[in-house]
Amino acid sequence: MKKKINILLKMFMALSIIVWSIVSSLATSNTAKAKDAHAQQNRIERVKTDLDLSKLQLYQFSLKQENMQIINRGDSVIQGIVEPNTDSSGRKWTKSTVFLMKIDKSKGRQEQVFSNPLKLKFFNAGTVNGKQVDVYIDILEARFIRSSNDNGGGDAAFKDSSKTAVPFLTVDENWGQKSIQIQDYIWPNHPNLKYSLERAFNISVATKVTYKYADGTPMDLKVVMQPSDIDVTNSNTGVKEKFWLSQPETKIDKLVMNNANKLTELQEGGWTYWEHSRNITTEEKWKEHNETGFAVRSIDNTIQFSYTSAAVSGGLFGFYTELPEKAPKKTVDQETIPAEKDQEITYTGKFTSPRPGIDVIGDLRSLKMSDTFDERLDFKSLDVKLEGRTLTFEKDYSISKNGQTVVVEIINKELLGRSSQGKEYEIKYHTKTNDKIKNSGKDIQNRVTMIVDNVELHSNYVKTELLYKQTHEFKSLVPNKDLPKEVIDLTPGAVKGLKNGTVAKPVMPTKTSVVTTDGIWEFKNYDQNQKVVKGADVHFIGYWNFTPHTQPKKEVYTGNTTTNIDGQEVKAGQELTYAITYQNTTGEDRDVTVTDKIPAYTTFVSAEDGGRNENGTVTWNRNVKNGESFTFKFKVKVNGDVNGNKVDNVAKVNNGKNEYTTNETHNPTNPEPKKEVYTGNTTTNIDGQEVKAGQELTYAITYKNTTGEDRDVTVTDKIPAYTTFVSAEDGGRNENGTVTWNRNVKNGESFTFKFKVKVNGDVNGNKVDNVAKVNNGKNEYTTNETHNPTNPEPKKEVYTGNTTTNIDGQEVKAGQELTYAITYQNTTGEDRDVTVTDKIPAYTTFVSAEDGGRNENGTVTWNRNVKNGESFTFKFKVKVNGDVNGNKVDNVAKVNNGKNEYTTNETHNPTNPEPKKEVYTGNTTTNIDGQEVKAGQELTYAITYQNTTGEDRDVTVTDKIPAYTTFVSAEDGGRNENGTVTWNRNVKNGESFTFKFKVKVNDDVNGQRIDNVAKVNNGKNEYTTNETHNPTPPTPPVTPPDNPSVPNEPNNNSPLPNTGLAGIDVTGLGVVLAALGTVLYYRKRKN
């Protein structure tokens, strides 16, 4: 009996193998036929390549718990939080968010399906094209399939009443970075989630991923995924993990597989899925991406995929877009143009061909450059160059034009090959403005787009500002009287080059007064003081008024002014100038005679232009040309005995035909008010004497009313510069630095107004001057001005070397010798014994002192007698210490002249901090200087230089590639020549800039230390950075693992979860069971 059973089992196994082979063959054949039929009607590009897909450097969006937002969560979904913890092996786990599905255990092994159970939003997942990108994860359907057997404890877990929910989605950083995990178990240690049901179900989760710009603008990015490590087959259930794409033939633009790919492709219900053909676990990054993975790009901003687990297993999914390091760049040759037709604008677009397998997922299918020009521009022509070589139209590229959009397509297939990767195209677009330029005030903006396959890469925007002009027109304000040619000819020309939004102001005529035969034209104003340029030219209208010629005019001035003081009070001793102005508007030249009697209470001084004084009358004879205006002047001095009498004057003008009497001028007189200054409680006038900081002064203004009537008097006195108001007597009030009194002074009364001030500490040799004004209701008087000198502040300067050029505020450096000079000028009016003390500046060392200066306990002291009027300079030298390292070198001195002590100005000399060297690994910026690194590890060296020199500097940084490493790349224009990386960069004053380059630790490193140091030259000084040191471990001997059967984990140097897809080939299993049934039936019938 046992022998028969063994024979029966062997027959069953053989038959199963035969049936399985037939089924597999049919499935493969049908799949191949389906592929051929599909390829003829869809847009997908399938690529088999030798590119290493593990080296893709795509832009990954950040999907983390910190930026996750739950949009919708079904009633059956539980959100579990795994708090940070340490498991029994000592491994530390960070926080995890796990989504679990509550299962109906009463359904046994029946499949349980949940539609639209969860939708997540990851806000601000990245920034592309200057815009914030949000990523939406929409779980369309989650299927939970009970394992067909115990599956290593699955049945026991299912029967455990406390375990009620199956995990299906995890968001954390324990496995991969910025990614989500679809898995049927919880990878981190999770002592608090005791309800998690694992091993009993494998899951199939259909997911839709959508990219959106946060500002709501249309999304032009494509979704890129890198499904990898699809290799798990459950040894207990035979279920394989699977990765699915929905309708890839119409929804996917490009699918790239390495030639070494070992996945099997099948189709089911509008989905295409991939599974491993054998139960082989791939744990190397190259194999995971090339043998059991591929890369895929969507046709738009969405992708729909599904993942089937193998209980226990899971998949790590990151979401990317292709964003090459060098984006297109756009420049324009005209930053501004007049808003006129036929203005030429040339745009230059520079495009770097992407690197297949690095910047984009596969070799280039097509390469286009698209530029949509402003409607106010007409495209004329373009030139295309590659690496400086001019390309040929219709051989290397084509041009298509649709409206304002011009597309250049590279049609030479050789230029799409890998030999062109990383090379730069340059396109010059030649355009001209058209008639529409006159009707729009917007500036002209433009950018260009490089289209790689279906991926759009935008350049920066460039702008050309439109410039406008302003024009002028003159009009007469007098009805029915036109402007003469003399006025019209003064119209200003056009002002060009005005930017939109400019506040334009009219141009004044070169002359605002024009004399004609019948009178004078005077410019009054423009229609507006200003106009804003709003996308059009601006026009101003200026108005002129007309005044007929007037009678001769008499005016009286005082001093050198030409302000008429007719009616104003004058005083004894004051010099007056009388002016008689005659304007000849007769239309012909005239011989004019002017006579003027000397005013009473004055004495003749002089007359201009031939005027002669005979018997108290001044006479002039002069030929005045037609249109000429001439002023006859003479001077008198008010007599001392005027004593309040009026000074009146009138003149006569005869032009040969008519005689005119001018207006009469009247000037009353009054006694002068008097100003004095006292100190302390005395009433002794110290006008002209020296005062000092902190001294209190009293100013007194005495006014005597001799007008013959009571007067309401207003006295105003501006607080002297370099003083501070203290108080005022008799109701004086200080408002905005002016003391004001209002008082009724009786006729014949004399009154004194007083106020006090204190001399400020910063007076520093400036005079303290004061004058007051007295207004008696009819006239305003200015008192005599008081003057009080002060002593100047001593001055501190700093020199270097043998120069005497003050370098205060300039950068100094360690080891530099500085000379400090303290200059004191004695303006006290007498000789003084002067003591100067100066504390040695921090971060310096004393060298020497001149003229008897002595250094005691870090302070240099001089004692010297300085003569009145003498200026003397005290000097000492120091040397800047080596440890100054960016600290300022400041210095100040004190000078005592026996009566007052002064503190000089403080000098400040910055020093530059030492540049800093750091070393990072991976994408972190954590300094690992001193920490162990290993073979194959990528290191980033960063040299930070801060410019504190006070001016922009051209900086050169050099850094020799460390031993036992290989150069990878350098940022910001760094170039590797003969093993040394060099940067040249202009660093702005105050700017801190970090120069970076990457190396890879060589495989042959074996315990040697990796050291690195850089040099920084800022054009004046050279600095050597700190040296970084990273030890490496010796190569350990290779020993076989104790337990080779381990769960599939990601290759990130630490244990990670199993990954892959799983499913049950129900059709194949049915065939096998049918065959077994046939054999058993045959055996039964035979028995």
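Here the sequence shown stands for residues -34 to -1, 1 to 1053, numbered as in mature numbering (1 follows the signal peptide of the UniProt record, and there is no 0). Ideal Cβ positions, reconstructed from N, Cα and C, are used throughout, including at glycine.
Check                                                                                                                                                                : Outcome
Just to confirm the assignment, what range does the alpha helix (DSSP H) spanning Phe124 have?                                                                       : Gly120 to Lys125
Run through the region 186 to 230 for me and flag every whole beta strand (DSSP E) of 3 or more residues, listed as ranges in chain order.                           : 208 to 212 and 218 to 224
Classify Asn615 as helix, strand or coil using the three-state DSSP reduction.                                                                                       : strand
Taking DSSP as the reference, what is the three-state secondary structure of Glu254?                                                                                 : helix
Taking a contact to mean a Cβ-Cβ separation below 8 Å, would you say Gly698 touches Val705 in this structure?                                                        : yes
Taking Asn984 as the reference, give the member of Glu957, Val971 and Phe963 with the closest Cα.                                                                    : Glu957
Pick helix, strand or coil for Asp683, following the three-state DSSP scheme.                                                                                        : strand
Does the region 232 to 241 come close enough to the region 131 to 147 that 3 or more CB-CB pairs lie under 8 Å?                                                      : no
Okay, do the region 955 to 972 and the region 912 to 927 touch, 3+ Cβ pairs below 8 Å being the bar?                                                                 : yes
Determine which residues share a DSSP beta bridge with Met474 and list them.                                                                                         : According to DSSP, Met474 bridges with nothing at all.
Assuming Gln903 and Val967 form a contact by the criterion Cβ under 8 Å, report the distance between their Cβ atoms to the nearest whole angstrom.                   : 5 Å
According to DSSP, which residues form a beta bridge with Lys883?                                                                                                    : Ile909
If I follow the unbroken alpha helix (DSSP H) through Lys744, where does it start and stop?                                                                          : It is not in any alpha helix (DSSP H) - Lys744 carries neither H nor E in the DSSP assignment.
Taking 7 Å as the cut-off, is the CB of Trp59 close to at least one heavy atom of the ligand ATP?                                                                    : For the ligand ATP, the structure offers nothing, since it holds no ligand at all.
Return the bridge partner residues of Lys601 from the DSSP annotation.                                                                                               : Thr543 and Ser572
Within 8 Å, do at least three Cβ pairs link the region 152 to 163 to the region 181 to 199?                                                                          : no
Take the Cβ of Tyr427 as the centre, count every other Cβ of all protein chains shown within 10 Å, and call the residue buried at 16 or more, exposed below.         : exposed
Could you check what DSSP says for Ile403 in three-state terms: helix, strand or coil?                                                                               : helix
Starting from the N-terminal side, write out each stretch of the beta strand (DSSP E) that is 3 residues or longer and does not extend beyond the region 690 to 753. : 699 to 701, 704 to 711, 716 to 725, 734 to 736, 738 to 741 and 746 to 748
For Thr628, would you say it is in contact with chain C, using Cβ-to-Cβ distances shorter than 8 Å as the test?                                                      : Chain labels in this structure do not include chain C; a single protein chain is all it has.
May I have the straight-line CA-CA distance separating Ser243 from Leu229, to the nearest angstrom?                                                                  : 6 Å
Taking 8 Å as the limit between beta carbons, can you name the residues of its chain near Asn530, skipping five residues before and five after?                      : Glu521, Val522 and Tyr523
Answer yes or no: do Ala936 and Phe963 have a C-beta to C-beta separation smaller than 8 Å?                                                                          : yes
Identify the continuous beta strand (DSSP E) that holds Ile377 and give its terminal residues.                                                                       : Per DSSP, Ile377 belongs to no beta strand (DSSP E) and is neither H nor E.
For residue 1054, list the residues DSSP reports as bridge partners.                                                                                                 : What is shown of the chain runs -34 to 1053, which leaves residue 1054 out entirely.
Does the separation of the CB atoms of Lys296 and Ser425 fall below 8 Å?                                                                                             : yes
Could you give the distance in angstroms between the alpha-carbon of Thr932 and the alpha-carbon of Ile269?                                                          : 39 Å
Output the boundary residues of the beta strand (DSSP E) element that contains Asn861.                                                                               : Strictly speaking, residue 861 in this sequence is Val, with Asn absent from that position. Unbroken beta strand (DSSP E) run through Val861: Ala859 to Asn862.
Could you tell me the alpha carbon to alpha carbon distance between Pro881 and Lys292, rounded to whole angstroms?                                                   : 28 Å
Where do the ends of the beta strand (DSSP E) carrying Ile103 lie?                                                                                                   : Lys97 to Arg112
Looking only at its chain, what residues have a beta carbon closer than 6 Å to the beta carbon of Pro193, apart from the 5 residues adjacent to it on each side?     : Phe209 and Gly259
Based on Cα-Cα distance, which residue from Asn615, Thr915, Ala980 and Asp532 lies nearest to Tyr907?                                                                : Ala980
Indicate the three-state DSSP secondary structure (helix, strand or coil) for Glu310 in the structure shown.                                                         : strand
Given this structure, state the Cα-to-Cα distance separating His632 from Tyr644, to the nearest angstrom.                                                            : 38 Å
Using a Cβ-Cβ cut-off of 7 Å (strictly less than) and excluding sequence neighbours within five positions of Gly945, which residues of its own chain qualify?        : Lys926 and Ile927
Residues in the same chain with beta-carbon distance under 8 Å from Arg975, minus the five sequence neighbours each way, listed in chain order, please.              : His995, Asn996, Pro997 and Thr998
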